[in-house]
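Enquirer: For my numbering, count along the sequence shown from 1 and bump the result up by 1452. Every residue gets a Cβ at the ideal spot worked out from N, C-alpha and C, and that includes glycine. Note that the coordinates shown come from a computational prediction; the quantities given were computed from them, not determined experimentally.
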Amino acid sequence: MTILELREKRAKAWEAAKAFLDSHRNDKGILSAEDDAAYTRMEQEITDLGKEIARLERQEALDAELNRPVNKPLTGKPMNGKEEAKTGRAADEYRQNFWNMMRSKAPMPSVVNALQIGTDSEGGYLVPDEYERTLVEALEEENIFRQLANVIQTSSGDRKIPVVASKGTASWIDEEGAYTESDDSFAQVSIGAYKLGTMIKVSEELLNDSVFDLESYIAREFARRIGTKEEEAFFTGDGTGKPLGILAASGGAETGVTAASATAVTADELMDLFYSLKSPYRKNAVWILNDSTIKAIRKLKDNNGQYL
């Protein structure tokens, strides 16, 4: 019997068992010993049918697994083995035509109609998905600040973030005494978006050279230029047309400790700077120094001339 037939038989047996149970109960709602034995046999038959159905389902699953081909046939049709075709900007077709456009090789009209993004003259080709991620990954490798900061993706120009401006405090009170009110105050920090761009000139000879890896060159050069300018603004930007840097003269980080000399630093000053930061922030804090400062710190020696 097939699985479907067994399921139908089990369903009928269950309906018959319920009808038998309802019709053979006495006034007290119980079954006689003979009827109880008959109902038990009906229940056992339903259980056995369920086991047989499960057994046949496992058998079908094993047959399907064992009959599955171990590899794809070499005679298969093109595109036959792809389980999930990429669409939109992630499609291989789009990627190919994007770089054809970059090399000033106009794609076939049918492909242009299929993309439906825009016209070449208006910059209608958007960067393919995979290549966009490649640019971002290369930018993170070039930019130290991106590895430390919390990067927020946003679709709008501004992003408002609620912050706690001041925190309330607890107080000791007498038995049945009045509670002292102490509220937290909240504020908003608005993070604006700024535009950073660059233009890369590539000779026609390189564009027409199929061996030249245009994708890697653009990703590497964009990451170097944008990463350098980004990091400069993240540290010293004045907030005018660019981000406000953490070391900006106004609006930047609060000054912790100022060294006694502009050309030297002592171990005591490093200790003072470390503990000038509140305890909750110290465990996640990092040191950010330029090369000249690191060199001065590594040259610190004790009275015996040994490096610290």
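If you run the structure through DSSP and keep just helix, strand and coil, what is L1518?
Expert: helix
Enquirer: With burial defined as no fewer than 16 other Cβ atoms inside 10 Å of the residue's Cβ, what is the status of P1521: buried or exposed?
Expert: Answer is exposed; the Cβ neighbour count stays below 16.
Enquirer: Based on Cα-Cα distance, which residue from T1715, T1710, E1486, I1596 lies nearest to M1723?
Expert: T1710
Enquirer: Take M1494 and list the residues in its own chain whose beta-carbon comes closer than 8 Å to its own, dropping the five residues that flank it on each side.
Expert: A1465, A1468, A1469, F1472
Enquirer: Do I1678 and A1600 count as a contact pair if the criterion is CB distance below 8 Å?
Expert: Looking at the sequence provided, one finds Leu at residue 1600 rather than Ala. Going by C-beta atoms, L1600 is not nearer than 8 Å to I1678.
Enquirer: Please report the distance separating the alpha-carbon of L1666 from that of L1659.
Expert: 7 Å
Enquirer: Closer than 8 Å by C-beta to I1749: which residues in its own chain qualify, once you throw out the five before and the five after it? Chain order, please.
Expert: V1717, L1722, L1741
Enquirer: Jot down the residue ranges of each uninterrupted beta strand (DSSP E) in the stretch 1591-1665, minimum 3 residues, whole runs only, in chain order.
Expert: 1610-1618, 1637-1644
Enquirer: Counting only the same chain and skipping the five closest in sequence on each side, list residues whose C-beta sits under 7 Å from that of P1614.
Expert: F1638, Q1640
Enquirer: Taking a contact to mean a Cβ-Cβ separation below 8 Å, would you say F1597 touches F1686 in this structure?
Expert: yes
Enquirer: Between P1559 and the rest of its own chain, which residues show a CB-CB distance below 6 Å, the 5 nearest in sequence each way excluded?
Expert: Any reading at P1559 must be qualified, since the residue scores a pLDDT of 47, below 50, and its modelled position is unreliable; no value is offered.
Enquirer: If I'm right that I1498 touches R1459 with Cβ under 8 Å, what's the distance once you round it to whole angstroms?
Expert: Between R1459 and I1498 the Cβ distance is about 11 Å, and since that is not below 8 Å, they are no contact.
Enquirer: Please classify N1478: is it buried, with 16 or more other beta-carbons within 10 angstroms of its beta-carbon, or exposed?
Expert: exposed
Enquirer: In or out: T1586 buried (at least 16 other Cβ within 10 Å) or exposed?
Expert: With 16 or more Cβ atoms within 10 Å of its Cβ, T1586 is classed as buried.
Enquirer: So what does K1753 bridge to, in DSSP terms?
Expert: Y1759
Enquirer: With a CB to CB cut of under 6 Å and the five nearest residues on each side skipped, what residues in its chain are close to T1650?
Expert: R1677
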